[in-house]
Amino acid sequence: MRKMRKKSVFIIVWIVAATFFFRCGEESPTPPAQPQKAGTGSAATQGGKPPLPDPQPSFPTSSKLWPFIEGEPQDEELARNLTAKNYALIFDGSGSMSESGCSDGLTKIDAAKKAVAEWSKSVPEDANLALVAFHQGKWSLLPLAGGQRAEFINLVQNMIAGGTTPLAEAFEKAYKALTVRGQAQLGYGNYTIVVVTDGQANDIRTLNQWVKYILANSPLNIYTIGFCIGNDHSLNQPGQTVYKPANNPEELRESLKEVLAEAETFDDSDFKE
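Each residue of the sequence shown is one higher than the last, beginning at 1092 in my numbering.
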């Protein structure tokens, strides 16, 4: 009987010991990962913020056809001449226009002033003309209207070369002016952005985005004259824009004359309802 008790006690002790041994040998389960709170994490996210994307220009978005675009100023008064031609001239008065070399002894800006003033006098009286000019870091603007040739020429003649080349901003201003006029003409007529420039834009990417948007969403024509720079310009986009190199004042005058000739052959029937 004693032997049986001893044997039973031994078996119980052995079972308890074995159970303790195996439990000690097991690994504790890994606790579930806790989500990191703001302000924690690696040095890559703590020490410096991720790079911000490049700012993008804000383009109008609407299901309506040009020129009736949501978010754009609306012209509630109808124009007397619904088929009038409209020209917004972008004049580059940046610092490089103070140089000479291809302008018959004149500075480029003085040669361009003479050519543009002469051209404005040949624009038909029933056409509307606007000026979007940049020089010395400021803007000279003339709203799109008819019968203001003297004001146009005066602004051009008072320009002094200086500053950078904000062509993207100039395109935005010209586009919006022509769009408002398009509303007054119910989308009829002819609309042209004319550019006289001697250099690349400050922001070529944004300029190209504006050009792409304008050509895809409106009937606007883009006519660029590269003064003393040959064909190397971002606005020289065959099949999309009209680009003319002008290597002297005479070629500049002739290229401006061609703007009016191009307008005579433009067919806007695709944009009429």
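Cβ coordinates follow ideal geometry from the N, Cα and C atoms, glycine included.
Worksheet item: When burial is assigned at 16 or more other CB atoms within 10 Å of the CB, is S1346 buried or exposed?
Response: Residue 1346 sits at position 255 when you count from the first residue of the sequence shown. By the 10 Å Cβ count, S1346 comes out buried.
Discussion item. What does the Cβ neighbour count give for A1352, buried or exposed, with the cut at 16 atoms within 10 Å?
Written reply: Locating residue 1352 in the sequence shown gives position 261, counting from the first residue. With fewer than 16 other Cβ atoms within 10 Å, it is exposed.
Worksheet item: So, is E1263 buried or exposed, given that buried needs 16 or more other C-beta atoms within 10 angstroms?
Response: The sequence position of residue 1263 within the sequence shown is 172, counting from 1. Burial call: buried.
Item to complete: Give a yes or no on whether the C-beta atoms belonging to I1313 and V1333 are separated by under 8 Å.
Response: For the purposes of this step, residue 1313 is taken as the residue at position 222 of the sequence shown. For the purposes of this step, residue 1333 is taken as the residue at position 242 of the sequence shown. Going by C-beta atoms, I1313 is nearer than 8 Å to V1333.
Discussion item. If you reduce the DSSP assignment to three classes, tell me which class F1159 lands in.
Written reply: In the sequence shown, counting from the first residue as 1, residue 1159 sits at position 68. Residue state, collapsed to three classes: coil.
Worksheet item: Counting along the chain, where does the beta strand (DSSP E) carrying I1244 start and finish?
Response: Counted from its first residue, the sequence shown places residue 1244 at position 153. Taken as a continuous stretch (DSSP letters only), I1244 belongs to no beta strand (DSSP E), being part of the alpha helix (DSSP H) at 1240–1248.
Fill in: Rounded C-alpha distance that separates L1232 from T1297
As a first step, residue 1232 is located in the sequence shown; it is residue number 141 there, counting from the start. As a first step, residue 1297 is located in the sequence shown; it is residue number 206 there, counting from the start. One C-alpha to the other measures close to 21 Å.
Item to complete: Give the straight-line distance between the Cα atoms of P1158 and K1229, rounded to the nearest whole angstrom.
Response: The residue labelled residue 1158 in the question sits at position 67 within the sequence shown. The residue labelled residue 1229 in the question sits at position 138 within the sequence shown. Between P1158 and K1229, the C-alpha separation is close to 28 Å.
Item to complete: Report back the beta-carbon spacing between H1324 and G1330 to the nearest angstrom; my notes put them in contact at under 8 Å.
Response: For this step, residue 1324 is matched to residue 233 along the sequence shown. For this step, residue 1330 is matched to residue 239 along the sequence shown. Contact flag wrong, Cβ pair sits at about 15 Å.
Discussion item. Using only the alpha-carbon positions, how far apart do P1234 and Q1274 sit?
Written reply: One-based indexing of the sequence shown puts residue 1234 at position 143. One-based indexing of the sequence shown puts residue 1274 at position 183. Rounded to whole angstroms, P1234 to Q1274 spans 15 Å at the Cα level.
Fill in: Residues bridged to W1230 (per DSSP)
For the purposes of this step, residue 1230 is identified with residue 139 of the sequence shown, where counting begins at 1. Per DSSP, F1225.
Discussion item. Could you tell me which whole beta strand (DSSP E) segments of length 3 or greater appear in the segment 1264–1301?
Written reply: 1281–1288
Worksheet entry | Backbone CA spacing between P1257 and N1249 [nearest angstrom] | As a first step, residue 1257 must be located in the sequence shown, where it is residue number 166. As a first step, residue 1249 must be located in the sequence shown, where it is residue number 158. Each residue's Cα considered, the two are about 19 Å apart.
Fill in: Cβ pair D1217, N1172 closer than 8 Å
Taking the first residue of the sequence shown as position 1, residue 1217 is located at position 126. Taking the first residue of the sequence shown as position 1, residue 1172 is located at position 81. Cβ atoms of D1217 and N1172: closer than 8 Å.
Discussion item. With the cut-off set at 8 Å, would you say A1265 and V1223 are in Cβ contact?
Written reply: Working through the sequence shown from its first residue, we reach residue 1265 at position 174. Working through the sequence shown from its first residue, we reach residue 1223 at position 132. Their beta carbons are under 8 Å apart, which means A1265 touches V1223 by this criterion.
Worksheet item: In chain order, what residues of the same chain have a beta carbon less than 6 Å from the beta carbon of I1305, not counting five sequence neighbours either side?
Response: Locating residue 1305 in the sequence shown gives position 214, where the first residue counts as 1. Closer than 6 Å at the Cβ level, and outside the excluded window around I1305, lie Y1266, L1311.
Worksheet item: Which value, in whole angstroms, describes the spacing of the CA atoms of V1302 and E1260?
Response: Along the sequence shown, one-based indexing puts residue 1302 at 211. Along the sequence shown, one-based indexing puts residue 1260 at 169. Looking at the two C-alpha atoms, the distance is approximately 11 Å.
Worksheet item: DSSP on L1351, reduced to helix/strand/coil?
Response: As a working mapping, residue 1351 is identified with position 260 in the sequence shown. Note: L1351 maps to helix in three-state DSSP.
Discussion item. Starting from F1201, trace the alpha helix (DSSP H) in both directions and tell me its first and last residue.
Written reply: For the purposes of this step, residue 1201 is taken as the residue at position 110 of the sequence shown. For the sequence presented, residue 1201 should be read as Asp rather than Phe. D1201 -> alpha helix (DSSP H) spans 1199–1213.
Practice prompt. In the DSSP assignment, find the beta strand (DSSP E) that holds N1177 and state where it starts and stops.
Written response: Along the sequence shown, one-based indexing puts residue 1177 at 86. Segment 1176–1184, the beta strand (DSSP E) holding N1177.
Worksheet item: Between the C-alpha atoms of T1283 and N1219, what's the straight-line distance to the nearest angstrom?
Response: Numbered from its first residue, the sequence shown carries residue 1283 at position 192. Numbered from its first residue, the sequence shown carries residue 1219 at position 128. One C-alpha to the other measures close to 10 Å.
Fill in: Where S1346 falls: helix, strand or coil (DSSP)
To locate residue 1346, count along the sequence shown from 1; it is residue 255. Here S1346 sits in helix by DSSP.
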